[in-house]
Structure formats: structure tokens, C-alpha cells
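Just so you know, the sequence shown maps onto residues 1342 to 1659 in our numbering.
The beta-carbon is built from N, C-alpha and C at its ideal position, and this holds for glycine as well.
For clarity, every value in this text was computed on a predicted model and none was experimentally measured.
Only one structure is covered here, and it is reproduced in the block below.
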Amino acid sequence: MVYICNRKQQTQRMALKREEDFNAQLSGSIPEQETSSNSWFKRRKKGISTSTAEKKETPDGLWTKCPSCKYTCTTDELKDNLSVCPKCSYHHRIGSEEYFDILFDEHQYTELFADVKSIDFLGFNDLKPYKKRLDEAYTKTGLHDSITAAVGKVNGNDLVISCMDFNFIGGSLGSVMGEKIARSAEYCLEHRIPLMIISKSGGARMMESAFSLMQLPKTIGKISKLAVAGIPYISLCTDPTYGGTTASFAMVGDVNIGEPGAMIGFAGPRVIKETIKKDLPDGFQTSEFLIEHGFLDMIVGRKELKNKIATLLSLFAS
Ligand SMILES: [Zn+2]
């Protein structure tokens, strides 16, 4: 009986010791030289030693992943590379401010017609009132509308650039865009300066209905005056250039340029595929496809854009 008692106590003591050892190892309080059957699992220091003040937070949007090749780099690295993927040359979408910075000498330019603003003359409501949609777009983008016009110099050559912003209601062609393009053309006529339009648009602004469609003849009419006056007009189609934009001023440049890989068309590929009930060829509606079919004169990457435009302007001037 005595023997049984001692044996039982010994077993209990051993179990208790093992449990103590394990807890001690978890808390890191056992010296390194002490070994046991659990020695492979040791926490050398107790808890997290980095103070909260030293903790480095990773802000949102610090890294960018290329949608084409999945290469990940910092947004600063991408920006330094003019928003062109360093690995596969995919051209990320940029806005008017970035294009002006790339093209105009020393980032110097003067914005034109900034006071022209959209009005909800139809009292249009879709998922939300058009006026509310406009107010949200002004707040979100800090822009005056889906197009910004500016005048400056490109390698010493005067140029008016009207550039769209896709962030502002999909770069949609509304009455303000039409008016700004018309005024840009008039400004070019008056000062005898070439015009460049950088398109980035999903098409007509549906909330303005027929007023949006009226911008097609209005813009084309004004731009045709440039041709009569012998003033060059350059169209740069970037990703995406669709709908009313393609159906009017984007395709009538003295030189029509496409950005590499840009999608350019009237209706989108899905709509066309469903209409004609046929599979579309590879690369359909890309710049590379369009240049083969005679819609574009050249494809110019963003890094060569400034020098190429400057060369064209010099050639036109001479
Ligand atoms: Zn890439």
C-alpha cells in the first residue's frame, strides 16, 4: 500500500514538473543551456520588444501591382517611370495633370476656360441625381470637369492641350467637354497655335442625353476650321477611347496617335461579340490592332511622347 502511494505521488510530481517546464519555456524564463525534450521550441525573449512608437505602419496605396505582368513596385517608382510598368511597359492610366507635367516644358502651363461648369438642365435622375453626381465628382477629383485645357510650350513649341480625366464620370463627353474643345480650337485659331486632344473617355455623358450628342458636330465643326486655317491638330488616343469621342474629334487628327496597348473603339468588344455572334480576333481594338488596319498613324510610348510631339510640331511649322 505504501509502495503504491509513493509510486502515485512520484507520477504526479513528474507530470507537474513537465507542465512547469513547458510553461516556463513558453514564457522564455528557462536559461538557454537547460535542455529538455521540448528544447527545440524556445522563446528567447518574452513578449514583443518593439515599442508602439517604433512600429512602422504601411500606408495604403504605397505599392502598385501591374495588372498585366503582376510586377509589384512602389507608387513612387512607378511615378518616376511616368506610370509605365518598369518590367512590361504596361501604360497605367494617368490624368490631365500628369500629361501636362510630362509634356509641357518645366511643368509650366496656363489652364484655360476653368470657369466652364456642367449644369443639370434636364433634372436627370438615374441611381442618384445628376447634380449630386457632379458635386461628388468635383469633391473626389478636384477637377472642373472631365476635360482640362491648358496652353504651354513643348520643347519650345507653343501648344494647346485639352486632356480628359477618366476619374471624372468616366471621362464622359458632355456639354462642358464640347464647349472646352470648341473654345480651345477658337483659341488656337486666334493665336495660331496647334491643338492636341488627349482622349480618355467611355463615351457620351448619358445624364445630358441629346445635349451630349450635340457636342459631336459642334467639336468637329470647330476643329475643321483649324484645317482650313492650316493649323495642326494632333489626336492622342489613350486607354480607353470609346463612343462619342471616337465617333468625332479623336479620329480626325492630322496625326492620330495611340498609346501602346490602349483600347480604342466605338462600341466595346463584348457588345460587338454579342451582336455579330462571332469570336473576335486577338488584340481586337488595341492600338496595335488599329495601326495594322489604318486607323492610327503611329503608336508612341509615354517616355518618347514629348520628343515625338515636339518633332511633329517642328515639322508642321516648317
Ligand atoms: Zn507590368
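If you compare alpha carbons, which of PHE1441, SER1430, ASP1417 and LYS1386 is closest to GLY1642?
Considering only alpha carbons, the answer is SER1430.
Would you say the beta carbon of CYS1578 comes nearer than 7 Å to a heavy atom of ligand 1?
It does not: the Cβ of CYS1578 is nowhere closer than 7 Å to a heavy atom of ligand 1.
Would you report the Cα separation of LYS1482 and PHE1445, rounded to the nearest angstrom?
The sequence given here places Thr at residue 1482; Lys does not occur at that position. If I take the Cα positions, the gap works out to 22 Å.
Count the other CB atoms within 10 Å of the CB of GLY1571; is the residue buried (16 or more) or exposed (fewer)?
Burial call: exposed.
Which of helix, strand or coil does DSSP assign to MET1518?
Reduced to three states, the DSSP call for MET1518 is helix.
If distances are taken between C-alpha atoms only, which option among ALA1658, SER1659 and LEU1654 comes closest to VAL1495?
Nearest option by C-alpha distance: LEU1654.
What do you reckon, is the C-beta of PHE1414 under 7 Å from a heavy atom of ligand 1?
The sequence given here has Cys at residue 1414, not Phe. Flag unset: Cβ of CYS1414 not near ligand 1.
With a threshold of 8 Å on Cβ separation, who are the neighbours of PHE1552 within its own chain once the five nearest residues in sequence on each side are excluded?
The residues are PHE1462, LEU1463, GLY1515 and SER1516.
Of all the beta strand (DSSP E) runs that stay within the bounds of the stretch 1574–1619, which reach a length of 3 or more residues?
You should have 1574–1582 and 1596–1599.
Between TRP1381 and PRO1408, what straight-line distance do the alpha-carbon atoms span, to the nearest angstrom?
TRP1381 and PRO1408: Cα-Cα distance of roughly 43 Å.
By the three-class DSSP mapping on this structure, what secondary structure does PRO1558 have?
Of the three classes helix, strand and coil, the one that applies to PRO1558 here is helix, per DSSP.
Pull up the distance between the alpha-carbon of SER1576 and that of LEU1403, whole angstroms please.
For SER1576 and LEU1403, the distance between alpha carbons rounds to 33 Å.
How would you write the range of the beta strand (DSSP E) that SER1540 sits in, first residue to last?
Residues 1536–1542.
For PRO1574 versus PRO1535, is the C-beta distance shorter than 8 Å?
In the sequence under discussion, the amino acid at residue 1574 is Tyr, which differs from the Pro named in the question. Yes, the pair counts as a contact, with Cβ atoms nearer than the cut-off.
Can the beta-carbon of ALA1591 be found less than 8 Å from the beta-carbon of LYS1563?
Contact flag unset, no.
Could you check what DSSP says for CYS1529 in three-state terms: helix, strand or coil?
Three-state result, CYS1529: helix.
Between TYR1337 and ligand 1, is the CB less than 7 Å from at least one heavy atom?
In the structure as shown, the chain begins at 1342 and stops at 1659. Residue 1337 is therefore absent and cannot be evaluated.
For THR1416, report the span of its alpha helix (DSSP H) as first-last.
Per DSSP, THR1416 belongs to the alpha helix (DSSP H) from 1416–1421.
May I have the straight-line CA-CA distance separating GLU1661 from LYS1386, to the nearest angstrom?
It is not possible to answer for residue 1661, since the shown part of the chain is limited to 1342 through 1659.
For HIS1448, count neighbouring C-beta atoms within 10 Å of its own C-beta (all shown protein chains included) and say buried if the count is 16 or more, exposed if not.
Per the 10 Å Cβ criterion, exposed.
Contact check, LYS1644 vs LEU1423 under 8 Å by CB: the rounded distance?
Rounded, the Cβ-Cβ distance is 6 Å, consistent with contact.
PHE1509 and SER1487 - do their beta-carbons sit closer together than 8 Å?
Cβ atoms of SER1487 and PHE1509: closer than 8 Å.
Between the Cα of VAL1501 and those of THR1579, PHE1441 and ILE1460, spot the shortest distance and give me the residue it belongs to.
Checked all of THR1579, PHE1441 and ILE1460; the closest Cα to VAL1501 is PHE1441.
My assumption, with CB atoms under 8 Å, is that PRO1601 sits in contact with HIS1432. Please give the rounded CB distance.
Going by Cβ atoms, the distance from PRO1601 to HIS1432 rounds to 6 Å, so yes, they are a contact pair.
Can the beta-carbon of THR1560 be found less than 8 Å from the beta-carbon of GLY1519?
Cβ atoms of THR1560 and GLY1519: closer than 8 Å.
Between the alpha carbons of PHE1507 and VAL1569, how many angstroms are there, rounded?
Distance between the alpha carbons of PHE1507 and VAL1569: 31 Å.
Tell me whether GLN1353 sits in a helix, a strand or coil according to DSSP, three-state version.
Three-state result, GLN1353: helix.
Use the C-beta contact count for LEU1631: other C-beta atoms within 10 angstroms, 16 or more gives buried, fewer gives exposed.
Buried, because 16 or more other Cβ atoms sit within 10 Å of the Cβ of LEU1631.
Report buried or exposed for ILE1460, applying the criterion of at least 16 other Cβ atoms within 10 angstroms of its Cβ.
That one is exposed.
Quick one: using the 10 Å Cβ neighbour count with 16 as the cut-off for buried, is ARG1384 buried or exposed?
Exposed, since its Cβ has fewer than 16 Cβ neighbours within 10 Å.
Report yes if the C-beta distance between GLY1544 and GLY1585 is below 8 Å; otherwise report no.
Going by C-beta atoms, GLY1544 is nearer than 8 Å to GLY1585.
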